[in-house]
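Here is the structure we will look at, set down as structure tokens.
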Amino acid sequence: MKFRLHKRVTVAAVAAAAIVPALIIGGGSALADDGGTINAKVGAGEPGYSVNSFLPESLTVTTGTTVNWSFTWPEPHMIVLDNGLTPEDLASEPPADTSPFDFDGVRKYVYSGTIFGDPANPPTFAIKFEKAGDYHITCFIHPGMDGEVKVVDSGDADTQATVDARAAQEYATDIGVLKAAAAAQTAKGVTVTQQADGSNLYEVDMLPAAGGSNSMRDYIQQFFPPSVDITAGDSVKWNNPTGVPHTVTFNVQNSGLDPATTDPFSVPPAVPAGNVFDGGSAFVHSGILGIAPPEEGAQTAEQSFTLKFTKAGSYDYICLLHESQGMTGTVNVAAQTTPTSTATPSQTSTSTPTSSATPSPTKTTTTAPQPPDTGSGAGDGGNNAFLLLGVAAALFIATGAGVTAVALKRRDF
Ligand SMILES: [Cu+2]
738 MKFRLHKRVT VAAVAAAAIV PALIIGGGSA LADDGGTINA KVGAGEPGYS
788 VNSFLPESLT VTTGTTVNWS FTWPEPHMIV LDNGLTPEDL ASEPPADTSP
838 FDFDGVRKYV YSGTIFGDPA NPPTFAIKFE KAGDYHITCF IHPGMDGEVK
888 VVDSGDADTQ ATVDARAAQE YATDIGVLKA AAAAQTAKGV TVTQQADGSN
938 LYEVDMLPAA GGSNSMRDYI QQFFPPSVDI TAGDSVKWNN PTGVPHTVTF
988 NVQNSGLDPA TTDPFSVPPA VPAGNVFDGG SAFVHSGILG IAPPEEGAQT
1038 AEQSFTLKFT KAGSYDYICL LHESQGMTGT VNVAAQTTPT STATPSQTST
1088 STPTSSATPS PTKTTTTAPQ PPDTGSGAGD GGNNAFLLLG VAAALFIATG
1138 AGVTAVALKR RDF
């Protein structure tokens, strides 16, 4: 398995397996079983939500303890014990350390490399702390994702029970913030605007973490609403004004792309003529929406994508980056009927639609007829390999000169 870390200037492979032990000053010795092990987590989540933090954020252990972090959610993270390491240091692409790593407190840093979590079989990275001190840990992918390990020779230290309790409490707090933001967005309903031709434009929104700031910490990996009910002739506009990249992708199973070798960040948009989705089975892809990974060759990211739906049917779509985190959606298109009455979508922000046939009233209803020629089961499994281990993220490394955006991608998996 190989990962590549693409930076604006330096592009070099970081192969997790390509470690030269001689370069690991003070490392590499076999771990003595003297200090016990504390288990913690790096990142966690549930469908639609990614909590990007060290769980717990702070640990106190005695000298000789091994801290074993597991990566339980398909969002990429890394452990950087930046004992003097800066983002500029990382630009020189240090080899990722192997786990477990015997940290003597003298070596400049410990770097896990990028690790994609897996709920079913979480990968781990362990560090044995041999010297007392306060050590800061961070993840360069998610600004604000910081933690600390306090290593003491004696005195009070965490037990597995206190670690687990604090991790659970911190997770509950973070996921609560995300769910409140999602609930608030859901309560707003759908923005519908009548167009000049009488059709309606429905807006599907993607959210920053806390519903306001463009936090790169915790993510809400959802479309709002996840299912939108429209009438043939109407359009849907997806908005991603956040710093978290997403896509709107239909019929990925017909993309001709090989999930085993495709970098989802490099898939160019596939936009039908006139932005008309005709109900067919052709691959339709927005490309990256949001703030673009700026490395050479990446397409410029738009912040919105619009399709007009002309044929009745129920059309599933995914975010090519986050399907494995539950980021999927459906557009239910009802057949056009004679406009005899005014149906009211859940909320109208700017004008009242006058010609809609009655849409399905609930978000989960998918009673619209299936189109005869579409493989609309985009989320049914054909493309899961794209996201089996989580896919990609934009790295935003704050530097003294500002914010340097760095794209992180994976391939060859
Ligand atoms: Cu996404």
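Add 737 to the 1-based position in the sequence shown for our numbering, that's all there is to it. Backbone N, C-alpha and C fix where the C-beta goes; we use that ideal spot for every residue, glycine too.
Self-check item: At least three beta-carbon pairs within less than 8 Å, the stretch 880 to 891 to the stretch 775 to 795
Solution: yes
Practice problem: Using a threshold of 8 Å, state whether the C-beta atoms of GLY780 and GLY854 are closer than that. | Solution: yes
Practice problem: Within the same chain, show all residues whose beta-carbon is closer than 7 Å to that of THR984, passing over the 5 residues directly before and after it, in chain order. | Solution: HIS1022, SER1023, GLY1024, ILE1025, LEU1026, CYS1056, LEU1057 and LEU1058
Quiz item: For ligand 1, which residues count as neighbours when the test is a C-beta closer than 5 Å to any heavy atom?
Solution: HIS983, CYS1056, LEU1058, HIS1059 and MET1064
Quiz item: Just how far apart, CA to CA, sit ALA898 and SER964?
Solution: 41 Å
Quiz item: Is the stretch 793 to 811 touching the stretch 913 to 933 in the sense that three or more CB pairs, one from each, lie closer than 8 Å?
Solution: no
Quiz prompt | Under the three-state DSSP convention, the category GLY1118 falls into | solution = Low per-residue confidence applies at GLY1118: pLDDT is 32, beneath 50, and the placement is therefore not dependable enough to give any value.
Quiz item: Between VAL888 and GLY870, what straight-line distance do the alpha-carbon atoms span, to the nearest angstrom?
Solution: 5 Å
Practice problem: Would you check if the distance between the CB atom of THR800 and the CB atom of GLU867 is smaller than 8 Å? | Solution: yes
Practice problem: Could you tell me how far apart the beta carbons of ASN937 and TYR872 are, in whole angstroms, since I believe they sit closer than 8 Å? | Solution: With a Cβ gap of about 56 Å, ASN937 and TYR872 do not count as contacting.
Quiz item: From GLY1017, SER972, MET815 and SER795, pick the residue whose C-alpha is nearest to that of CYS876; which is it?
Solution: MET815
Quiz item: Exposed or buried, what is THR1074 when buried is set at 16 or more other beta-carbons lying within 10 Å of its beta-carbon?
Solution: exposed
Quiz item: From ASP826 to GLY773, what does the alpha carbon distance come to, in whole angstroms?
Solution: 32 Å
Quiz prompt | Nearest neighbour of PRO859, chosen from GLN906, TYR956 and PRO811 [CA to CA] | solution = PRO811
Quiz prompt | Span separating the alpha-carbon of PHE961 from that of VAL941 | solution = 5 Å
Quiz item: Buried or exposed: where does ASN977 fall if 16 or more other Cβ atoms within 10 Å of its Cβ makes it buried?
Solution: buried
Quiz item: Does the separation of the CB atoms of ILE874 and LEU818 fall below 8 Å?
Solution: yes
Practice problem: Check whether the Cβ atoms of GLY970 and ILE1028 lie closer than 8 Å to each other. | Solution: no
Quiz item: With distances taken between CB atoms, is the gap from TYR1054 to PHE987 smaller than 8 Å?
Solution: yes
Practice problem: Give me the Cα-Cα distance between VAL1008 and LEU915, rounded to the nearest whole angstrom. | Solution: 32 Å
Quiz item: What's the C-alpha gap between GLN900 and TYR908?
Solution: The identity of residue 900 in the sequence shown is Val, whereas the question assumes Gln. Cα to Cα, VAL900 sits roughly 12 Å from TYR908.
Quiz item: For GLN931, which three-state DSSP category applies?
Solution: strand
Quiz item: Residues bridged to HIS1059 by DSSP?
Solution: DSSP, once it has assigned bridges, lists no residue as partnering HIS1059.
Exercise. Keeping to the same chain, check which residues put their C-beta closer than 8 Å to that of LEU944; ignore five residues upstream and five downstream.
Key: ALA918, ALA919, GLN922, ILE957, GLN959, PHE961 and THR979
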